[in-house]
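Asks:
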Amino acid sequence: MFKIVSNKKLLSLMLVFMLIASVFAFSGCGQQTEEPQGQAGDSVEAPENPQLTLATTTSTQDSGLLDAILPDFKQKTGYQVEVIAVGSGAAMSMGESGDADVLLVHSRAAEDQFVADGYGVDRHDVMYNDFLIIGPAADPAGIKGSSDAAAALTKISETTSIFLSRGDDSGTHKKELAVWKAAEIEPAGDWYNSVGQGMADTYRMADEMQGYTLIDRATYLANQDNYSLQSMVEGDKILFNPYGVIAVNPEKYPNINYAGATAFIQWLVSDETQALIEEFGKDKYGQSLFIPDAK
Amino acid sequence: MEVILQGIKEGIGLILSLDPELIKITLLSLQVSLSALFVAAVLGIPAGTLLALKSFWGRKTLLNLTYTLMGLPPVLAGLIVFLFLSNRGPLGEFQLLFTPTAMVVAQVLLGFPLVCGLTARAVMALRQEVYDTAAMLGATRTGAILTIIREARIGIIAALTTALGRLIAEVGAVMMVGGNIQGKTRVLTTSIVLETRMGNDSRALGIGIILLLLAFLIMLIILKLEKRSFKDDSTIQII
Amino acid sequence: MTALFRLSNLSKTYGERRVLNVEQLEISPGHIYAIMGPNGSGKTTLLRILSLLTFNTAGQLEVFGEQINWSKSQLLRLRRQMAMVTQSSYMFEGSVYYNVAYGLRARKISERETKIRVQESLALLGMLDFMNHPANNLSGGEKQKVAIARALAVNPRVLFLDEPTSNIDPTSSVDIENYVKRINEEHSITIILVTHKIFQTRKLAKETFLMWDGRIIEQGPTRNLFHDPQDTRTRRFLKGEY
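Protein chains in written order, with the numbering used here: chain D, 1 to 295; chain A, 1001 to 1239; chain Z, 2001 to 2242.
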C-alpha cells in the first residue's frame, strides 16, 4: 500500500534535494578538459595542489587541441587543469591579477611585455600555426589564391567587401591589425564589422554574412564542414602565429600554483608532448593543425 | 574590491565624459528594448485581457503556455529567431540577421509572454464587481472592458516595467541575433561581455553601472506616470 | 400604470441547486420596496436578475414593459434606466468626481452638463466637499454616499440597493436612509432595497417581500407584514429565529 506523500513532506524533500545539489555544484568543479576517473594510470600520487588554472585563447580552445592532449598531462602528473578560454588580452589580464597560474597565448609582443613587467616568468615557445583569410566562394574582392595578405586586405577595402574583425584585442585581432598596418590602411566603413566575439562565433557570423575574415588554421579546419567559406589567402609569412607558454610570477601572489605551472611547462615542451601536438589533427584533416617548435 | 571601486570610478567617468561610442551603444540598447516593449505591449495587453475575460476552449492550456513562456531563456529566444532569419532558414532572404530589427524581434519573443501573462493576472485579480459596476452605470461592453483595463492598470504597468527590465538586461538573445557588431548591433549588455573578454574588468563594470542607472531611470519615469501615491509600498503592521 | 417589473415562473439554478423560484411578481413604479429574508434565501439573486446582471435559468422576465431577450442592445438600453448600489460599492481608481461622472460620460453627456449633474448629486448627499478626493481614500460611509450620488447622477427610473448600510457606521447609515427617502419622494425614483435591518424596512419601505429558500413566501404593505404576518416562517424571521 503506498502512502501518499503529504505536501509538507514533499516540500522538505525538495529542499533537501536542492541543498545536496548545491553542495555538489560548489565542490570545486570548474571547466575540466579531461576524461572521467578510473583510467589506468591513476597510479601517480596527487601533487600538493592538484588544481591548475590555465588561461588561454578561444582559438586554442576551439581548435580542440587542449581537449586532446590535456588528459596526458593529468595522467603523467596528477594535475587537474581548469581551462579558461578568453581573448589573449584577457588571458594576460588574468595573469596580471593572479586569477590564472599559467598562460598559453599567441601574442608575442604582449607576451614579452608581460614578462618585462614582471608578471610572468619562464616563457617558452610551444608551437605555431598560421592564419588564413577565408571568404565567400563568390569572392567579390577577387583575392582567391593570393599569398600576399596585405594586398588582399587592400583589395577587400577597395571593393568594400564585407569583412569581419574579431575586434576583441585577441591574438587573432592583433594579427589582423598588423596586416592592415602593413597595407597602410585604417579599415573603416559599413563593410568592416567589428564583432567582439571569439573565433568560432566570428566564423559562424562570417559564414552567415558571407564575408571575409582572418582565422587561425585550427579553428578553420575544425569547423569548416559546417560552413561554406573557403580559403582565400594563405602562406604569407606575416600570417605566422607563434604560441608561448608563460608561468605567472609566484612572487606577485601567494597562492599561485607555481609548481603546477612549472610541471605544465615542462610537460608542454617535452619531446613526447611536442610529438602529440604534431599528431593532433592529422587523422582528421590530413595535416597538423599546430607545428611544435619548443626549443 | 579594488576592481569594484575602480569600476564605479570608471563608470562615472564614462558617463561624465559623454563618450560618443558609449552614447551610441546606450541609445541602441534603449531603442531596441523600448521598441520591443512597445510591440509586446500592443500585442500583449489585449491578448492578456482576452485570456482573462473570455472563456473559450483551450483557454487553460493557453494560459499555462503563456506562464511557461514567461520564463523563456533569452538565449533560446535568440536561437529560435536566429534559425528563422539565418540564410539557411525560411526567412533568410530578408537578410535581417545581425540587424537591430532581428534584436527587436527576439526581444518581442521574450517580452510578449511576460506582458500577456502578467496582464492576464492583473485583470483576473479584479473581482466581478468591477464589471458589474461599470455595466450598471451604463457602459457599453467595450467601455466596460476598457474600464477593466484601466482598473488593472497598476498591475499592467508592473507588467511593463518587469518586461522592460528583463529586455534591457538580457544578453543571450541580442548577442545571438545581433552579433555585437560595433556601431551596428552592439548594446550595453554585449559590450559588457566584450570588455570582460578583453580583460577590461573595470570598464565592463562601468558599463554595468550605466545599465543599472538606466533601469533605475526607467522605473522612476514609469512610477511617475502611475501618479498614484505610494501607499501600496507600506508594510503590514505586525503588532 | 405599467408595472416596472413582471416575473412569471422565474427560476435560477446553479448546477443542481435551485436558488430562486418566483412564480409571480409584479413591481409598480413609485415606491420603496424592501426584500428581506435569511441568508441564502435568494434576495441578491433576485436583485441581480431584476437589474439584468445575471441570466435567469427559466421563466419570463419583463422590464419596463419589455420581454427580456438578453440582447446586447436591449441590455444597454434598459440598464441605462437603472442603477445599483451594493453592500460595499466598488470605487473606480480616481477622484470622487471621476466616479460620479462615470455613468454620465458613458452616456456621452457633455462635460459641461456632466459637471453640473455631478455637483448636484454630490450636494444632495452632502459630499460636495469631497469632489476631488481620491475615491478610495474615503471611509465606508463616505464611499456609500458617493455610490448613491453616482447612481443618482444618471437619473435612473429604478435604484437597486443591496444592503447599502450593512457595512457602515450607524450615523452614516441613518444619513443614507434619509437620503434614500428623499430621493424616492423628491425625484420619484422607485427603490428596491434588500436589507437585513428590520428598522430600516419599517422606516422606508411601503411594500415588503419576504423570501425564504428562493421563494417569495409573503408580500404586502410593510405595516401589515410586520404587524400581522400570515406565514409561520415570516413570524420566525421577525423573531430572529432562522
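We put the CB at the ideal spot given by N, CA and C, even for glycine.
Since we're looking at a predicted model, the values are computed, not measured.
(1) Taking beta-carbon pairs under 9 Å, can you tell me which members of the segment 1147-1158 of chain A lie near chain Z?
(2) Note down the Cα distance separating Leu2025 (chain Z) from Ile2068 (chain Z), rounded to an integer number of angstroms.
(3) Could you give the first and the last residue of the continuous alpha helix (DSSP H) run that contains Trp267 (chain D)?
(4) Between the segment 50-65 of chain D and the segment 169-189 of chain D, do at least 3 Cβ pairs fall closer than 8 Å?
(5) Rank D:Asp112, D:Val121, D:Glu111 and D:Ser165 by C-alpha distance to the C-alpha of Gly135 (chain D) and give the top, closest one.
(6) For Ser147 (chain D), collect the residues of the same chain with a Cβ closer than 6 Å to its Cβ; drop the 5 residues on either side in sequence, then sort them by chain order.
(7) Identify every residue that forms a DSSP beta bridge with Phe1216 (chain A).
(8) How would you label Arg2006 (chain Z), buried or exposed, when you count the other beta carbons within 10 angstroms and need 16 or more for buried?
(9) Hey, out of D:Ile185, D:Arg204 and D:Val179, whose CA is closest to Ser1086 (chain A)'s CA?
(10) On the criterion of 16 or more Cβ atoms from any shown chain inside 10 Å, does Gln113 (chain D) qualify as buried, or is it exposed?
(11) What is the residue span of the beta strand (DSSP E) that Asp122 (chain D) lies within?
(12) Run through DSSP, which three-state label would Phe2237 (chain Z) get?
(13) Could you tell me the distance, in whole angstroms, from the CA atom of Val1177 (chain A) to the CA atom of Leu54 (chain D)?
(14) Our contact map puts Ala200 (chain D) next to Leu229 (chain D) with C-beta atoms below 8 Å; I'd like the distance itself, whole angstroms only.
(15) Give a yes or no on whether the minimum CB-CB distance between Asn193 (chain D) and chain A is below 7 Å.
(16) I'd like to know if Ala1102 (chain A) contacts chain Z, where contact means its C-beta is closer than 7 Å to some C-beta of that chain.
(17) What residues of chain Z sit near Pro1139 (chain A), judged by a beta carbon separation below 7 Å?
(18) DSSP on Ala90 (chain D), reduced to helix/strand/coil?
(19) Can you give the beta carbon distance from Gly2030 (chain Z) to Thr2190 (chain Z), rounded, assuming they're within the 8 Å contact cut?
(20) Pick helix, strand or coil for Gly2059 (chain Z), following the three-state DSSP scheme.
(21) By how many angstroms is the C-alpha of Ala188 (chain D) removed from the C-alpha of Glu1021 (chain A)?
(22) With a threshold of 7 Å between beta carbons, is Met1198 (chain A) in contact with chain D?
(23) Compare the C-alpha of Val1032 (chain A) against each of A:Gly1208, A:Val1171, A:Leu1194 and A:Ile1221 and name the closest.
(24) At a CB distance below 7 Å, what residues from the segment 1086-1113 of chain A approach chain D? Give them in sequence order.
(25) Mind pulling the chain D residues with CB within less than 8 Å of Gln954 (chain A)?
(26) Given a threshold of 16 other Cβ atoms within 10 Å of its Cβ, counted over all protein chains shown, does Asp130 (chain D) qualify as buried or as exposed?
(27) Would you mind working out which of D:Gly260, D:Ile277 and D:Phe280 sits nearest Gly78 (chain D), comparing C-alpha positions?
(28) Who are Val245 (chain D)'s beta bridge partners in DSSP?
(29) I'd like to know if Thr1119 (chain A) contacts chain Z, where contact means its C-beta is closer than 7 Å to some C-beta of that chain.
(30) Taking the C-alpha atoms as reference points, what is the distance between Glu2016 (chain Z) and Pro1073 (chain A)?
(31) Determine, for Met205 (chain D), whether the minimum Cβ-Cβ distance to residues of chain A falls below 7 Å.
(32) Provide the residue(s) that pair with Val2096 (chain Z) in DSSP beta bridges, ordered along the chain.
(33) Go through its chain and collect everything with a Cβ distance to Gly142 (chain D)'s Cβ below 7 Å, but skip five positions before and after it.
(34) Quick check: the segment 2113-2121 of chain Z against the segment 2076-2094 of chain Z, are there 3 or more CB pairs under 8 Å?
(35) Could you give the first and the last residue of the continuous beta strand (DSSP E) run that contains Asn2021 (chain Z)?
(36) Check each residue of the segment 2108-2137 of chain Z: if its Cβ is closer than 7 Å to any Cβ of chain A, include it; give the result in chain order.
Replies: Judging by the given coordinates:
(1) Thr1147, Arg1150, Glu1151, Arg1153 and Ile1154
(2) 15 Å
(3) Tyr258 to Val269
(4) yes
(5) D:Ser165
(6) Gly235 and Asp236
(7) None; Phe1216 (chain A) has no bridge partner.
(8) buried
(9) D:Arg204
(10) exposed
(11) Gly120 to Gly135
(12) helix
(13) 31 Å
(14) About 13 Å separates the two Cβ atoms, so there is no contact after all.
(15) yes
(16) no
(17) For the record, residue 1139 (chain A) in the displayed sequence is Ala; it is not Pro. Under the 7 Å cutoff, chain Z gives Ala2106.
(18) helix
(19) 6 Å
(20) strand
(21) 15 Å
(22) yes
(23) A:Val1171
(24) Ser1086, Asn1087, Leu1097 and Phe1098
(25) Because chain A spans 1001 through 1239 in this model, residue 954 (chain A) falls outside it and cannot be assessed.
(26) buried
(27) D:Gly260
(28) D:Leu104 and D:His124
(29) no
(30) 47 Å
(31) yes
(32) Val2096 (chain Z) pairs with nothing; no bridge assigned.
(33) Lys155
(34) no
(35) Arg2017 to Ile2027
(36) none
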